[in-house]
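Residue numbers (full-length UniProt numbering): 1 to 478. Glycine is no exception: its CB is placed at the ideal position from the N, C-alpha and C atoms. All values derive from a computational prediction rather than experimental measurement.
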Amino acid sequence: MEFAGVADPTLAEGYLDPTTRAKEDQQRAKREENLRKQLDKAQMTVAELKAELERRVATIESESLKAMREALQRQEARLAVVATGVSLYHRLLPHFDDIDIVMALVREKETLLQRACEDILDTNTESAAAVEKMLREREHDLRETKRLHEEKLAAQAERFCTRLKEAFDENAVQQQQLLDRHRDAITQLEERLQRSREISEIELKRNEEEKEQLKQRMQVAQEGMRHEYQQEIERLRARLDGDIGDRHKSVDAVRQLQEMHEREAARLRDEMDHLRRSRDSDCARLQNQLENERLRRESDLMEKDRQARLVRNEVDDAKRAIDKLNDEKGKMEKEYQDQIRGLMQQQEQLVTASNAVLSGWENKSSELEADLHKLRALLYDRDYMHFRQKIREMAFMDRSDFDQKLQELDEKERLQAARINQIISKARRAYDEQSRSLKRFERDIKDRIDRAKATDGSNNSTPRPEGTPPPHNHIDPM
Numbered sequence: 001m002e003f004a005g006v007a008d009p010t011l012a013e014g015y016l017d018p019t020t021r022a023k024e025d026q027q028r029a030k031r032e033e034n035l036r037k038q039l040d041k042a043q044m045t046v047a048e049l050k051a052e053l054e055r056r057v058a059t060i061e062s063e064s065l066k067a068m069r070e071a072l073q074r075q076e077a078r079l080a081v082v083a084t085g086v087s088l089y090h091r092l093l094p095h096f097d098d099i100d101i102v103m104a105l106v107r108e109k110e111t112l113l114q115r116a117c118e119d120i121l122d123t124n125t126e127s128a129a130a131v132e133k134m135l136r137e138r139e140h141d142l143r144e145t146k147r148l149h150e151e152k153l154a155a156q157a158e159r160f161c162t163r164l165k166e167a168f169d170e171n172a173v174q175q176q177q178l179l180d181r182h183r184d185a186i187t188q189l190e191e192r193l194q195r196s197r198e199i200s201e202i203e204l205k206r207n208e209e210e211k212e213q214l215k216q217r218m219q220v221a222q223e224g225m226r227h228e229y230q231q232e233i234e235r236l237r238a239r240l241d242g243d244i245g246d247r248h249k250s251v252d253a254v255r256q257l258q259e260m261h262e263r264e265a266a267r268l269r270d271e272m273d274h275l276r277r278s279r280d281s282d283c284a285r286l287q288n289q290l291e292n293e294r295l296r297r298e299s300d301l302m303e304k305d306r307q308a309r310l311v312r313n314e315v316d317d318a319k320r321a322i323d324k325l326n327d328e329k330g331k332m333e334k335e336y337q338d339q340i341r342g343l344m345q346q347q348e349q350l351v352t353a354s355n356a357v358l359s360g361w362e363n364k365s366s367e368l369e370a371d372l373h374k375l376r377a378l379l380y381d382r383d384y385m386h387f388r389q390k391i392r393e394m395a396f397m398d399r400s401d402f403d404q405k406l407q408e409l410d411e412k413e414r415l416q417a418a419r420i421n422q423i424i425s426k427a428r429r430a431y432d433e434q435s436r437s438l439k440r441f442e443r444d445i446k447d448r449i450d451r452a453k454a455t456d457g458s459n460n461s462t463p464r465p466e467g468t469p470p471p472h473n474h475i476d477p478m
């Protein structure tokens, strides 16, 4: 697992030097910091999405209410214009000489208002149909987005399982290779120990043979010296017996022979001491070699035990890391499901707000129709009929300003028509602006979802520690 970049925080303290322990603590801190940063980034992304959705919903609702308020104000303005026209009619009717002209004007005015109202109703109906179509299209896009998100989650889960399986396989291969290297090293160590034993036995045999040969040479040399000494003594005795007169010379010769014998004995003792020291040094050298070999074998065995513990700790750490990754995977999947659920709830809220806007338009249309009915009732009620009777009585009054009043009425009708056209154009522009705003909202939501998915894809993967992974411990072949 060290080749895969996974640190080993569970190693026994007694088998780790301070440098390795500090490096592993640093790697563990880096991993925790990376996981914390990824979690903070995901939480910030979710908070931004929620805030953006709330802002969009509030913006849509405020725009809808603003449009409804403006429409109501326009209706009130139109009703005020109509009431002004009616009051103007009340003031002008005494000056009309022909009541039929006035009624024709009233009917024409009513027809114009009815046509304008029908145009407004048609425009509102088209707007409602367009909004419903847009909502249906957006619902389809959201379903498609949810499906794509689920497919990506499934693909990420599959890739994660594949990477875990590859990591397991790689760990098994590395562990098998390490065990093979350990077996090879143990075999080589046993072969070296066997060769050392054979060399030691050969050295012992050679030392025994040298000792035996030295002993034999010493015995042969002693026998030869003893024989020479006896011959010399015999010769000296013969010379002493043959030449008593040369007594002093014989004593000198004997002294010389004794000195020669002592020198030869000292030389032999020195040679024996040298051979003994050489034998002792060879024995000490062999003992040192055996002790060094024993210490090296114990060191190799301790190293192999340490590496075996390292391998076991690595396997345990890998299992814990895999369990931790599985827990993180479950947490991330749960978070994604919560995000999807929140997005669906926000979608339902948006649909509800859109339906409320549509129902508001429908209610406004009904109120406009009711206002028109009230206007018709006002034109045909009893007071208005009494007013018409009064107009008949005053039909032949002075009409000097009649043409000017008619021009004013025509100008007001043109102004009212212009206002109605302006209202229709504003409604269309508001609808277009609302459509563009909804499209921008959809694009923004899609972009944020894509960014969240991209962030998830880069953060669900297995985090690798920064820097080069620590080298794997191994035994150099001897």
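N34 to Q27 span [Cα, whole Å]: 11 Å
Does the beta-carbon of N171 have 16 or more other beta-carbons within 10 angstroms, so that it is buried, or is it exposed? buried
Taking the beta carbon of H149 as the centre, do at least 16 other beta carbons fall within 10 Å, making it buried, or is it exposed? buried
Under the rule that 16 or more other beta-carbon atoms within 10 Å means buried, what is I120, buried or exposed? When all chains shown are included, I120 counts as buried.
In or out: Q156 buried (at least 16 other Cβ within 10 Å) or exposed? buried
Looking only at its chain, what residues have a beta carbon closer than 8 Å to the beta carbon of Q216, apart from the 5 residues adjacent to it on each side? Taken in chain order, the list of residues that qualify is empty.
Going by C-alpha distance, which of I186, S278, V81, C161 is nearest R206? S278
Just checking my contact of residue 479 with E232 at CB under 8 Å: how many whole Å lie between their CB atoms? As shown, the chain starts at 1 and ends at 478. That puts residue 479 outside it, with no answer to give.
If M218 and M272 are in contact, beta carbons under 8 Å, what's the gap, nearest whole angstrom? 7 Å
Suppose the cutoff is 7 Å on Cβ atoms and the five residues either side in sequence are ignored; what does the same chain contact list for Y229 look like? Counting only Cβ-Cβ distances below 7 Å, and skipping sequence neighbours, we find H261.
Going by Cα to Cα distance, which pick from Q175, D270, D447, H140 is closest to N313? Closest in C-alpha terms to N313, from the list Q175, D270, D447, H140, comes Q175.
How many angstroms separate the CA atom of R74 from the CA atom of V81? 10 Å
With distances taken Cα to Cα, identify the nearest neighbour of Q114 among R78, R440, E328. R78
Integer-rounded CB distance, given that L275 should sit under 8 Å from L204: Not confirmed; about 17 Å, so no contact.
Whole angstroms are fine: how far does the CA of D316 sit from the CA of P463? With a pLDDT of 42 at P463, under the threshold of 50, the modelled position of this residue cannot be trusted; read the value that follows with caution. Rounded to the nearest angstrom, the two C-alpha atoms are 18 Å apart.
For the candidate residues H227, D25, A221, E32, whose alpha-carbon lies nearest to that of E328? E32
Quick one: is K109 buried, meaning 16 or more other Cβ sit within 10 Å of its Cβ, or exposed? Buried is the label assigned to K109, since at least 16 other Cβ atoms lie within 10 Å of its Cβ.
Here's the rule I'm using: 16 or more other beta-carbon atoms within 10 Å means buried, otherwise exposed. How should L178 be labelled? If you draw a 10 Å sphere on the C-beta of L178, you find 16 or more other C-beta atoms in it, and that means buried.
Distance check for N326 and R309, CA to CA, integer angstroms please. 25 Å
Rounded to a whole number of angstroms, what is the C-alpha to C-alpha distance between A238 and E210? 41 Å
Whole angstroms is fine: what's the gap from E137's alpha carbon to E144's? Distance from the CA of E137 to the CA of E144, rounded to the nearest whole angstrom, comes to 10 Å.
Report the rounded CA-to-CA distance for L88 versus T125, giving the unit in angstroms. 34 Å
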